[in-house]
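One structure is given below, encoded as structure tokens.
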Amino acid sequence: MIGIVGGGISGLVLAHELRRLGVDVTVWEAASVPGGVMRSELHGDLVLELGPQRARLTGPFRDLVESVGLSEELVTASKDLPLYVYHRGQLRRAPLSFSQAVTTDLLSLWAKARVLAEPFTAGPRAGELVGPFLRRKFGGAAYRALLGPLYGGLYASDPDRMPVKHALQRTLAELGVRRSILWRMFRSAGRAAESPPCSFRQGLGALPLAIAGKLGGSVRLETPVRMLRKRRVGWEVTADGAGSVPVDAVVLTCPSDTAAGLLGGSYPEEAGRLSALRYNRLALVYLKSETKLSGLGFQVAFGESLETRGVTWNDSLFGRPGLHTAYLGGMKNSELPDWDDARIAEIACREFEVVTGHSAEALHVSRTRIPAWDETWDGLEGVEWPPDLHFCSNYTARPGILGRITEGKRLAATLATAYATGSRPV
């Protein structure tokens, strides 16, 4: 049996795939509901997303949805919705194709010419950070107006503190990039545009609930794991109310600080490196505003004097009347999530009106956190774990919903091969 610590989307996809491959599995989750950061809440008749605001209806995502019987609950948005950047006092369309790059008013003629010179620049250098790398490849203007906000926004991070080798190298390899990024980037954006944004009638939190429902008693909610003990073969997992359970292998899908706490007794040095990983905290403000805005939302260009990092237009995306979700904080202002709700809400409402021209009412404020993928990831270099201990999380591999599905399926195949044949790593 495989023991999985953490019932977020990573752990649930892994368990679902292992079950499909004929491997026994148990998932322990400390919270009362599955999903981790992928949760949804009702506020009156509005669905609020407490984590990711949307997914892309790619093949792997659609397959997962169909396998848990959620196809009828899917809602999709138009594939043609634009993304905007707030720059130089107004919203400007982000160019996500070559034709848009030519016509956009986000970049000056000189900045566009500098972008077109990217194929003549060298690939990543040893020890290079993402910010300097992108500025060297595309120029400072394109970095500040477009690439920095879009890339940094994925992690709520500062690209000037994100090593290429941790944060970007794997993505470049997956795209087949050795030197030039530009044409691969446009082709990748084109392929992504073929998969429409999607959610569910009751929000993205419906997906982990459906997966957990399929797994039945194999998912143990409100059952925090207190101890992991290495045995000669396999592990012993001790959890509240569940006693000690022997398993062939353990997969940690929980946050890095939780994982460090469980491993500190047996692997103190390695656990210390895990606990040092930085997370960026975000405040999410759910705004009600009657607008006719059409698009995915907007990011804020670097150099603008706003606390808001970006806003998702849930109204335009999925017909959630008047709903817009603003993100504030992150590495840009790590103390902001500690401020009281009223102060954060007032800032979000005021800045939403500055950017869009529409007044807004704050419905709710929540908080989340995202792995920063910054220099603290240097600490994981050279760390070796036992062959029957695995990690499957957004701090060890590609973040995002698709990344979690892909990684869960990959690890499930590896574990199923090892344990279906009776072989055991030693």
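Residue numbers (the numbering used here): 1026 to 1451.
All C-beta atoms in this analysis are idealised placements derived from N, C-alpha and C, irrespective of residue type, glycine included.
Check whether valine 1100 and serine 1243 have beta carbons under 8 Å apart = Within the sequence shown, the letter at position 75 stands for residue 1100. Within the sequence shown, the letter at position 218 stands for residue 1243. No, these two residues do not count as a Cβ contact at 8 Å.
Taking C-alpha atoms, which residue in Thr1128, Gly1354, Glu1219 lies nearest to lysine 1104?
-> Counted from its first residue, the sequence shown places residue 1104 at position 79. Out of Thr1128, Gly1354, Glu1219, Glu1219 has the C-alpha closest to the C-alpha of lysine 1104.
Leaving out five residues before and five after isoleucine 1236 in sequence, what residues of the same chain have Cβ atoms less than 6 Å from its Cβ?
-> Locating residue 1236 in the sequence shown gives position 211, where the first residue counts as 1. Result list for isoleucine 1236: Leu1037, His1041, Val1093, in chain order.
Please list, in chain order, all residues of the same chain as valine 1202 whose beta carbon is under 6 Å from its beta carbon, the five residues on each side excluded.
-> Within the sequence shown, residue 1202 is the residue found at index 177, counting from 1. Cβ within range, chain order: Arg1209.
Looking at the structure shown, is cysteine 1223 part of a helix, part of a strand, or coil, going by DSSP?
-> Within the sequence shown, the letter at position 198 stands for residue 1223. Cysteine 1223: strand per DSSP, three-state reduction.
On the three-state DSSP scale, how would you describe valine 1451?
-> Taking the sequence shown and counting its residues from 1, the one referred to as residue 1451 is at position 426. Interpretation of valine 1451 is limited by its pLDDT of 41, a score under 50 that renders its predicted location unreliable; no figure is taken from the coordinates.
Would you be able to state if there are at least three C-beta pairs under 8 Å between the region 1143-1152 and the region 1286-1298?
-> no
Spatial neighbours of serine 1269 within its chain, please: CB distance less than 6 Å, with the 5 preceding and 5 following residues excluded, ordered by chain position.
-> Taking the first residue of the sequence shown as 1, we reach residue 1269 at position 244. Counting only Cβ-Cβ distances below 6 Å, and skipping sequence neighbours, we find Glu1261, Thr1263.
May I have the straight-line CA-CA distance separating leucine 1302 from leucine 1067, to the nearest angstrom?
-> Taking the sequence shown and counting its residues from 1, the one referred to as residue 1302 is at position 277. Taking the sequence shown and counting its residues from 1, the one referred to as residue 1067 is at position 42. C-alpha separation (whole angstroms): 32 Å.
Isoleucine 1426 in three-state terms, based on DSSP | As a working mapping, residue 1426 is identified with position 401 in the sequence shown. It is helical.
Would you say the region 1075-1085 touches the region 1189-1205, given that touching needs at least three Cβ pairs under 8 Å?
-> no
Coil, strand or helix - threonine 1446 by DSSP | Locating residue 1446 in the sequence shown gives position 421, counting from the first residue. Unreliable placement is indicated for threonine 1446, whose pLDDT of 47 sits below 50; no coordinate value is reported for it.
Inspect the CB distances between the region 1184-1202 and the region 1053-1062 and report whether three or more fall short of 8 Å.
-> no
Please classify glutamate 1360: does DSSP put it in a helix, a strand, or coil?
-> As a first step, residue 1360 is located in the sequence shown; it is residue number 335 there, counting from the start. Coil, per DSSP.
Quick one: what does DSSP say methionine 1026 is sitting in, helix, strand or coil?
-> What you label residue 1026 is simply residue 1 of the sequence shown in a count that begins at 1. Methionine 1026 falls in the coil class under three-state DSSP.
Beta-carbon proximity of alanine 1274 to isoleucine 1027, cut-off 8 Å = For the purposes of this step, residue 1274 is taken as residue 249 along the sequence shown, with counting starting at 1. For the purposes of this step, residue 1027 is taken as residue 2 along the sequence shown, with counting starting at 1. A contact, by the Cβ cut-off of 8 Å.
Which first and last residues belong to the beta strand (DSSP E) in which tyrosine 1311 is found?
-> For the purposes of this step, residue 1311 is taken as residue 286 along the sequence shown, with counting starting at 1. Here the beta strand (DSSP E) through tyrosine 1311 covers 1304-1313.
Which residues in the same chain as serine 970 place their Cβ atom closer than 7 Å to its Cβ, once the five residues preceding and following it in sequence are excluded?
-> Only positions 1026 to 1451 of the chain appear in this structure, which leaves residue 970 out of reach.
Whole alpha helix (DSSP H) elements within the region 1258-1300, 4-residue minimum | 1281-1288, 1293-1300
Burial state of glutamate 1432 (16 or more Cβ within 10 Å) = By 1-based counting over the sequence shown, the position of residue 1432 is 407. Label assigned to glutamate 1432: buried.
So phenylalanine 1327 is in the beta strand (DSSP E); what residue range does that whole segment cover?
-> One-based indexing of the sequence shown puts residue 1327 at position 302. Premise fails: phenylalanine 1327 is in no beta strand (DSSP E) and is neither H nor E.
Identify the residues that DSSP records as bridge partners of valine 1155: which are they?
-> Here the question's residue 1155 lines up with position 130 in the sequence shown. Answer is none; valine 1155 lacks a bridge partner.
Could you check the C-alpha separation between isoleucine 1029 and proline 1280 for me, to the nearest Å?
-> The residue labelled residue 1029 in the question sits at position 4 within the sequence shown. The residue labelled residue 1280 in the question sits at position 255 within the sequence shown. When rounded, the distance between both Cα atoms is 13 Å.
Could you check where the alpha helix (DSSP H) with alanine 1235 kicks off and where it finishes?
-> Mapped onto the sequence shown, residue 1235 falls at position 210. It spans 1231-1240 - the alpha helix (DSSP H) in which alanine 1235 sits, taken as one unbroken run.
Within the same chain, show all residues whose beta-carbon is closer than 7 Å to that of glycine 1328, passing over the 5 residues directly before and after it, in chain order.
-> If you number the sequence shown from 1, residue 1328 lands on position 303. For glycine 1328, where only same-chain residues beyond five positions count, the Cβ hits under 7 Å are Arg1169.
Span of the beta strand (DSSP E), counted from its first residue to its last, around valine 1052 = Counted from its first residue, the sequence shown places residue 1052 at position 27. Unbroken beta strand (DSSP E) run through valine 1052: 1050-1053.
Which word fits glutamine 1115, buried or exposed, when buried means at least 16 other C-beta atoms lie within 10 angstroms of its C-beta?
-> Counting from 1 along the sequence shown, the entry for residue 1115 is found at position 90. Counting Cβ neighbours within 10 Å, glutamine 1115 comes out exposed, since fewer than 16 surround it.
Alpha carbon of alanine 1285 to alpha carbon of alanine 1370, nearest angstrom | The count along the sequence shown starts at 1 and reaches residue 1285 at position 260. The count along the sequence shown starts at 1 and reaches residue 1370 at position 345. For alanine 1285 and alanine 1370, the distance between alpha carbons rounds to 34 Å.
Any Cβ of chain C within less than 8 Å of the Cβ of arginine 1113?
-> No chain C appears in this structure, which consists of one protein chain only.
Where serine 1319 falls, given that 16 or more other Cβ within 10 Å makes a residue buried = Start at 1 with the first residue of the sequence shown, and residue 1319 comes out as number 294. Exposed is the call here.
Hey, arginine 1334 and leucine 1353: beta-carbon distance below 8 Å or not?
-> In the sequence shown, counting from the first residue as 1, residue 1334 sits at position 309. In the sequence shown, counting from the first residue as 1, residue 1353 sits at position 328. Yes, these two residues count as a Cβ contact at 8 Å.
Ends of the beta strand (DSSP E) at serine 1065?
-> As a first step, residue 1065 is located in the sequence shown; it is residue number 40 there, counting from the start. Where serine 1065 is concerned, the enclosing beta strand (DSSP E) stretches over 1065-1068.
Three-state secondary structure assigned by DSSP to valine 1336 | Counted from its first residue, the sequence shown places residue 1336 at position 311. Residue state, collapsed to three classes: strand.
For the alpha helix (DSSP H) containing glutamine 1194, list its first residue and its last residue.
-> Within the sequence shown, the letter at position 169 stands for residue 1194. Taken as a continuous stretch (DSSP letters only), the alpha helix (DSSP H) holding glutamine 1194 covers 1194-1199.
Which full runs of the alpha helix (DSSP H) of 4+ residues lie inside the region 1066-1137, going along the chain?
-> 1084-1092, 1123-1128
Counting along the chain, where does the beta strand (DSSP E) carrying phenylalanine 1377 start and finish?
-> Position 352 of the sequence shown, counting from 1, holds the residue named residue 1377. That residue, phenylalanine 1377, is in no beta strand (DSSP E); its alpha helix (DSSP H) goes 1366-1381.
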